[in-house]
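Everything in the sequence shown is counted per numbering that gives the first Met the number 0, starting at 0 for the first residue and increasing by one. Using N, Cα and C, we set each Cβ at its ideal position, and we do this for glycine too.
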Amino acid sequence: MIQRLLIIVIVLLLNASIANAEVFMGECSIRFFCDTTLHGFEGKVACQPFTLTGDKETKLVRKPVFTIRVDSMDTDNGSRDEKMRDMLDCEKFPVIEGLFGDLNPNAVLQIMETPSTQPRKLEFDLRIRDRLQRVQAEIHDFNATSDVITFTMKFDLSLASFELEPPSAFGIIQVDDRVDVEIDAVLQRK
């Protein structure tokens, strides 16, 4: 989920660098994949639309934060969604946040354009409930034009590392600890 947010930030920064644009509108769609003792399932959620504004002199985007609403996460199963929201304590912690440090578009663009056989990586902090953890996302399918930047971020996380207890059904079907996340981001120059 947060990966997609990170990709959006990178895209906006790169677009600003390429076209000297100062303001970008961003959106992302997030997919998450889990296994259980019975079968796997996937879910989806969109991040809240956001605007990235680069500093006019330095071009730095100052500490962007991206959010998703926990109550909008959907696995296409009402009972499972309710258990997921309970696990995430949706009433007390209604959003999940991706928090970035200052981003330098020129530096990010240079990293993305350098030939490599390995996926590019970007780090950010992920806040789930009252826990904050450093995440390293791989950047895939990066594409930048003068008007739009698109990319996909991929990472996995451990529910236990956020002190979350995976939900179960009937005491026998247990959700695995690992969650794979893919974020598709689009940044468009305003």
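Exercise. Would you mind stating whether residue 33 and residue 40 have Cβ atoms separated by less than 7 Å?
Key: yes
Quiz item: Can you pull the DSSP bridge partners for residue 187?
Solution: 24, 147
Exercise. Could you name the residues of the same chain whose beta carbon sits closer than 7 Å to that of residue 166, not counting the 5 residues immediately before and after it, in chain order?
Key: 82, 83, 86, 174
Practice problem: Assign residue 154 to one of three DSSP states: helix, strand, or coil. | Solution: strand
Quiz item: Using DSSP with H/G/I as helix, E/B as strand and the rest coil, what is residue 109?
Solution: helix
Self-check item: Close Cβ partners of residue 128 (< 6 Å) along its chain, the five nearest in sequence each way excluded
Solution: 88, 92
Quiz item: When DSSP builds the beta bridges, which residues end up paired with residue 190?
Solution: With the chain covering only 0 through 189, there is no way to say anything about residue 190.
Self-check item: Given residue 132 as reference, the closest of 172, 157, 144 once Cα atoms are compared
Solution: 157
Exercise. Please work out which residues of its chain come closer than 6 Å, Cβ to Cβ, to residue 179, disregarding the five sequence neighbours upstream and downstream, and give them in chain order.
Key: 32, 155
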